[in-house]
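Numbering-wise (the numbering used here), the sequence shown opens with residue 15 and increments by one.
The beta carbon of each residue, even a glycine, is placed where N, CA and C say it ideally should be.
Working notes for the structure below.
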Amino acid sequence: MVAARPDAWFPLRAGQRFADGVPLADIAARCGTPTFVYARAALLAAFEAYDRALGGHPHQVCYAVKANSNLAVLSVFASLGAGFDIVSGGELARVLAAGGEPGKVVFSGVGKTRAEIEQALEADIQCFNIESEAELTRIHEVAEAHGAAAPVSFRVNPDVDAQTHPYISTGLKENKFGVAHSDALALYRRAAELPYLEVVGIDCHIGSQLTDAAPLLEAADRVLALVNQLNREGIELEHIDLGGGVGIVYRDETPIDLDAYCGALTRKFAGRPEMLMLEPGRSLVGNAGVLLTRVEYLKPGEGKNFAVVDAAMNDLMRPALYEAWHGVEAVAPRAGEALDWDIVGPVCESGDFLARGRRLALAEGDLLAILSAGAYGMSMSSNYNSRPRACEVMVDADTVQVVRERETLAHLMAGERVWGG
Ligand SMILES: *Cc1c(COP(=O)(O)O)cnc(C)c1O
């Protein structure tokens, strides 16, 4: 099982909240706030849960880098032999810098540039996940110029409803992702005939934060039916990649039972020659991280009480972007009157909130842990309002390592020039 509780790796002991074996207050004292804190053991446990659950069939777990692309996070997964799902040349550079094997990298995304395709061919990645006919043509051209066939798969859109937030649902006909199920056969035939393409796989990814395995299994059935059709035409594949999407517990969701889901997949794959691949992102890192922030001001009011903290939507965009719910816990819960607080940042946007209506006893200077911040937190952060990006820290038992320094004012202006300068 992926850790079910958002605070499983951030327990309260004797009135103090910890990250694994280290008091969060010590991390705030040493590194300041806002700071993302990741528990290395949580990453190991989450990856091993997938590896174990897929044990019944040859498999490869490709961590979806966009969920959290810090080099330390990538290096932990690389040390476990993970593959990586990337969506840009920048992510490829990160994977290589973290010691990931290029031969286990799959490249997804609807907008791969020529330069990115060249970079990936140069690195000798495992597979390009093609998302359109135009991309097929482009990859073939770049591969020809490069002088070697590009390994490819098609991202097929199985047209199943993932029943998740519309912004993170990707498997319906009207989404920009993938090629239509009905076009896939013709595209595979065409790819099989092109000299500088080598057809090696198929993939799909229907959405994110799914709490029901049924749509994932339905997508798997559709993809397998298509592979059987390809086989009948003499097109054999090395791998079948069923994407990511397994949700985590933010609040009170009943998560997908990973053993049951993966067990159902390996049963479907019984006797098949293809390797089974998955591309989990959120479920490997989401509950491995918290965002540590400090209360700057309390603004109790008539209609609402605001706690203004030093983290904001530029650090953790999910609440502003998807109205996402994150747990908020005091690092040292205090006695006293609890009120309902909106936890807001200093950014000049009404959408700049991290949480709303949370019953907490608070005082200025208190530390809060925003839970479930390991996925799509730092990787979606920005410098909006000219705010230097947060520090990132990894913890293992009682060892603490700063894995990304807090940005300075010099970082903020790097590469810029005044007019005429
Ligand atoms: C984002 C993404 C993933 C990871 O999704 P999660 O919901 O974080 O598991 C996997 N594959 C592709 C192609 C993606 O775009």
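Checklist entry - For the candidate residues Q140, E132, P172, Q177, whose alpha-carbon lies nearest to that of E155? => result To locate residue 155, count along the sequence shown from 1; it is residue 141. When only C-alpha atoms are compared, the closest one is E132.
Next on the checklist: Is D410 a contact residue of ligand 1, with contact defined as CB to any heavy atom under 6 Å?
Outcome noted: Residue numbering aside, residue 410 sits at position 396 when the sequence shown is read from its first letter. It does not: the Cβ of D410 is nowhere closer than 6 Å to a heavy atom of ligand 1.
Next on the checklist: Let me confirm a value: N171 is counted as buried when at least 16 other C-beta atoms fall within 10 Å, else exposed. Which label applies?
Outcome noted: Taking the sequence shown and counting its residues from 1, one reaches residue 171 at position 157. Buried, because 16 or more other Cβ atoms sit within 10 Å of the Cβ of N171.
Next on the checklist: When you measure from the CB of G192 to every non-hydrogen atom of ligand 1, does any distance come out below 6 Å?
Outcome noted: Within the sequence shown, numbered from 1, the residue matching residue 192 stands at position 178. Not so, every heavy atom of ligand 1 lies at least 6 Å from the Cβ.
Checklist entry - If you follow the beta strand (DSSP E) that Y52 is part of, which residue opens it and which one closes it? => result Taking the first residue of the sequence shown as 1, we reach residue 52 at position 38. Here the beta strand (DSSP E) through Y52 covers 49-53.
Item to check | Nonlocal neighbours in the same chain, by C-beta distance under 6 Å from I144, ignoring five residues either side | outcome: Residue 144 sits at position 130 when you count from the first residue of the sequence shown. Excluding sequence neighbours, I144 sits near L150, V166, F168.
Checklist entry - Does DSSP put V16 in a helix, in a strand, or in coil? => result As a position in the sequence shown, residue 16 is number 2, starting the count at 1. In this prediction, V16 has a pLDDT of 46, which is less than 50 and means its spatial position is unreliable; what the coordinates show is noted afterwards. V16 carries a coil assignment under DSSP once its states are collapsed to helix, strand and coil.
Item to check | heavy atom of ligand 1 below 6 Å from E293 C-beta | outcome: Numbered from 1 along the sequence shown, position 279 holds the residue referred to as residue 293. Result yes, Cβ under 6 Å from ligand 1.
Checklist entry - Do you know whose CA, among R265, A428, D217, lies nearest C76's CA? => result Here residue 76 is taken as the residue at index 62 of the sequence shown, counted from 1. Out of R265, A428, D217, D217 has the C-alpha closest to the C-alpha of C76.
Checklist entry - What do you reckon, is the C-beta of H195 under 6 Å from a heavy atom of ligand 1? => result Your numbering for residue 195 matches position 181 in the sequence shown. No, since every heavy atom of ligand 1 falls outside the 6 Å radius drawn around the Cβ of H195.
Next on the checklist: Report the CB separation of G379 from V309 in whole angstroms; it is logged as a contact under 8 Å.
Outcome noted: Taking the first residue of the sequence shown as 1, we reach residue 379 at position 365. Taking the first residue of the sequence shown as 1, we reach residue 309 at position 295. Between the beta-carbon of G379 and that of V309 there is about 6 Å, and that keeps the pair under the 8 Å contact cut.
Checklist entry - How would you write the range of the beta strand (DSSP E) that A369 sits in, first residue to last? => result Counting from 1 along the sequence shown, the entry for residue 369 is found at position 355. Start and end: 367-374.
Checklist entry - Which whole-angstrom value is the C-beta distance of I249 and V213, which I expect to be below 8 Å? => result Within the sequence shown, residue 249 is the residue found at index 235, counting from 1. Within the sequence shown, residue 213 is the residue found at index 199, counting from 1. Their Cβ separation, rounded to whole angstroms, is 6 Å, which keeps I249 and V213 in contact under 8 Å.
Next on the checklist: Considering Cα atoms alone, identify which of S393, A349, A383, L335 is closest to F367.
Outcome noted: In the sequence shown, the residue the question calls residue 367 occupies position 353. Nearest of S393, A349, A383, L335 to F367, Cα basis: L335.
Next on the checklist: Strictly by DSSP, which residues pair up with T413?
Outcome noted: As a first step, residue 413 is located in the sequence shown; it is residue number 399 there, counting from the start. According to DSSP, T413 bridges with D410.
Checklist entry - Hey, how far is the Cα of L376 from the Cα of M392? => result Within the sequence shown, the letter at position 362 stands for residue 376. Within the sequence shown, the letter at position 378 stands for residue 392. If you draw a straight line from the Cα of L376 to the Cα of M392, it comes to about 26 Å.
Next on the checklist: Which same chain residues end up closer than 6 Å to L244 when comparing Cβ atoms and leaving out the 5 residues on each side of it in sequence?
Outcome noted: Reading the sequence shown from its first residue, position 230 is the one you call residue 244. The beta carbon of L244 sits closer than 6 Å to the beta carbons of Y202 from its chain, once the five residues preceding and following it are set aside; these are given in chain order.
Next on the checklist: Short of 7 Å in beta carbon distance, which residues of its chain neighbour D34, apart from the five on each side in sequence? Order them along the chain.
Outcome noted: If you number the sequence shown from 1, residue 34 lands on position 20. Once the five neighbours on either side are set aside, the close Cβ partners of D34 are W23, A53, A55, V409, D410, A411.
Next on the checklist: By DSSP's criteria, K313 is part of a beta bridge. Which residues make up the other side?
Outcome noted: The residue labelled residue 313 in the question sits at position 299 within the sequence shown. In DSSP, K313 forms a bridge with F320.
Checklist entry - Can you find a C-beta in chain C that's less than 7 Å from the C-beta of D329? => result The question asks about chain C, but that chain is absent: this structure has only one protein chain.
Checklist entry - Tell me the DSSP bridge mates of G29? => result Residue mapping note: residue 29 aligns to position 15 of the sequence shown, counting from 1. Answer is none; G29 lacks a bridge partner.
Next on the checklist: Going by DSSP, what residue range makes up the alpha helix (DSSP H) through F91?
Outcome noted: The residue you call residue 91 lines up with position 77 of the sequence shown. Start and end: 85-93.
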